[in-house]
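Take a look at the structure below.
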Amino acid sequence: MFETFFEEHHIGPISILDEKIQQSEYVPLDLSKTNKTLSKYKMTTPEGCQAYIDTVLETSGKKVAFGGYLERRGIYDDFEQFSEENPRNIHLGMDFWCESGTQVLAPWEGRVHSFKNNREQGNYGPTIILEHIETTFLFYTLYGHLSLESLEGLYEGKTFRRGEAFATLGTSDINVNYAPHLHFQIIKDIQDFKGDYPGVCSQKDFYFYQKNCPNPNLLLRMKI
Numbered sequence: 205m206f207e208t209f210f211e212e213h214h215i216g217p218i219s220i221l222d223e224k225i226q227q228s229e230y231v232p233l234d235l236s237k238t239n240k241t242l243s244k245y246k247m248t249t250p251e252g253c254q255a256y257i258d259t260v261l262e263t264s265g266k267k268v269a270f271g272g273y274l275e276r277r278g279i280y281d282d283f284e285q286f287s288e289e290n291p292r293n294i295h296l297g298m299d300f301w302c303e304s305g306t307q308v309l310a311p312w313e314g315r316v317h318s319f320k321n322n323r324e325q326g327n328y329g330p331t332i333i334l335e336h337i338e339t340t341f342l343f344y345t346l347y348g349h350l351s352l353e354s355l356e357g358l359y360e361g362k363t364f365r366r367g368e369a370f371a372t373l374g375t376s377d378i379n380v381n382y383a384p385h386l387h388f389q390i391i392k393d394i395q396d397f398k399g400d401y402p403g404v405c406s407q408k409d410f411y412f413y414q415k416n417c418p419n420p421n422l423l424l425r426m427k428i
């Protein structure tokens, strides 16, 4: 249902960051464990991760590095909550790495489902989840690593138009130990979660989350 709807109604590419940043200023980024270049950087720290991202942006002459859906990453290795019996290292959303303070735009008309400051190290920090209702189904989008100001004045049910700015990206101290970026994720069934939802999964749970969290590019239609 979800996939078919966006195949039939695609209007992309859709900007999810400041509309002044053109799609031509985005560059794909590989943070997977198979990228040998990452061994030169301390990727589990915001400084090391930012150093690599800066290199990619400077080399390409672009402003935003993006990608990461279903990547198997090593950047979570230092966080206890990811290093369990079944390590969680498969990324379920799409990341957009750029300057803190950058505006976040609603990619589809929706209303606030929930929001929360997930303060634990390695979590999202300030997070907003929007609910989107279509004629025959609904879905949710999650926005993580935001600024504290993004949560001010919010309430459940507050509506946003497609393309409306509703948040900004947080700094590393606010987004709990990551280089500044937006984590964008689509969720079909939100279950009982409020203001939070797993953004990384283990191989054991891969097929459930792959189905419940489809590729964000089905909606955004970016050229990768």
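Numbering of the sequence shown is given in the working numbering, commencing with residue 205 and proceeding in unit increments. Even for Gly, the Cβ is constructed at its ideal location relative to N, Cα and C.
**Asked** Which value, in whole angstroms, describes the spacing of the CA atoms of L235 and R277?
**Response** L235 and R277 have their C-alpha atoms some 6 Å from each other.
Original post:
For T263 versus Q307, is the C-beta distance shorter than 9 Å?
Top reply: No, these two residues do not count as a Cβ contact at 9 Å.
How far does the alpha helix (DSSP H) with F209 in it extend, from its first residue to its last?
If you look at F209, you'll find it in the alpha helix (DSSP H) that goes 206 to 212.
Checklist entry - Using 8 Å as the Cβ pair cut-off and three pairs as the minimum, do the region 339 to 356 and the region 386 to 405 touch? => result A contact exists between the region 339 to 356 and the region 386 to 405.
Worksheet item: Going by alpha carbons, who is nearest to Q407 out of T248, C253, R292?
Response: Looking at the Cα atoms, R292 is the closest of the given residues.
Query raised in the report: Measuring CB to CB, does F388 end up less than 9 Å from G305?
Result: Note that the C-beta distance between F388 and G305 is not below 9 Å.
Can you check which of these residues, F343, F270, I378, is closest to Y328 by C-alpha distance?
Of the candidates F343, F270, I378, the one whose C-alpha sits nearest the C-alpha of Y328 is I378.
Item to check | Reference Y256; option with closest CA among Q226, Y245, K266 | outcome: Comparing alpha carbon positions, the residue from Q226, Y245, K266 closest to Y256 is Y245.
inquiry  = Considering only their Cβ atoms, is the gap separating W301 from I218 smaller than 9 Å?
reply    = I218 places its beta carbon 9 Å or farther from that of W301.
Query - L296 - DSSP class collapsed to helix/strand/coil - result: Coil, per DSSP.
Q | 9 Å Cβ cutoff met for Y344 and I394 | A | Yes, the Cβ-Cβ distance between Y344 and I394 is below 9 Å.
TODO: Could you tell me which uninterrupted alpha helix (DSSP H) segments, each at least 4 residues in length, are contained entirely in the region 361 to 425, listed from first to last along the chain?
DONE: As for any alpha helix (DSSP H) of minimum length 4 sitting wholly inside the region 361 to 425, the runs are 410 to 416, 421 to 424, ordered along the chain.
Using DSSP's beta-bridge definition, name the partner residues of Y280.
Y280 is not bridged to any residue.
Exercise. Sort I215, K266, T208, F210 by Cα distance to S228 and report the nearest one.
Key: Of I215, K266, T208, F210, the residue nearest in Cα terms is K266.
* Compare the C-alpha of H295 against each of F397, G272, R315 and name the closest. => H295 has its Cα closest to that of G272, out of F397, G272, R315.
*Do D222 and A369 have their C-beta atoms within less than 9 Å of each other?*
In this structure, the beta-carbon distance from D222 to A369 falls below 9 Å.
Per DSSP, cross-strand counterpart(s) of Y271: One detail in the question is off: residue 271 reads as Gly in this sequence, not Tyr. Answer is D299, bridged to G271.
What is the DSSP secondary structure of T331, counted as helix, strand or coil? Strand at T331.
Report task. Please go through the same chain and pick out, in chain order, the residues whose beta-carbon is closer than 8 Å to the beta-carbon of P418, but skip the five residues on each side of it. Result -> Closer than 8 Å at the Cβ level, and outside the excluded window around P418, lie F206, E207, I390, K392.
- Task: Put Y256 into one of helix, strand or coil per three-state DSSP.
- Result: When secondary structure is reduced to three states using DSSP, Y256 falls in the helix class.
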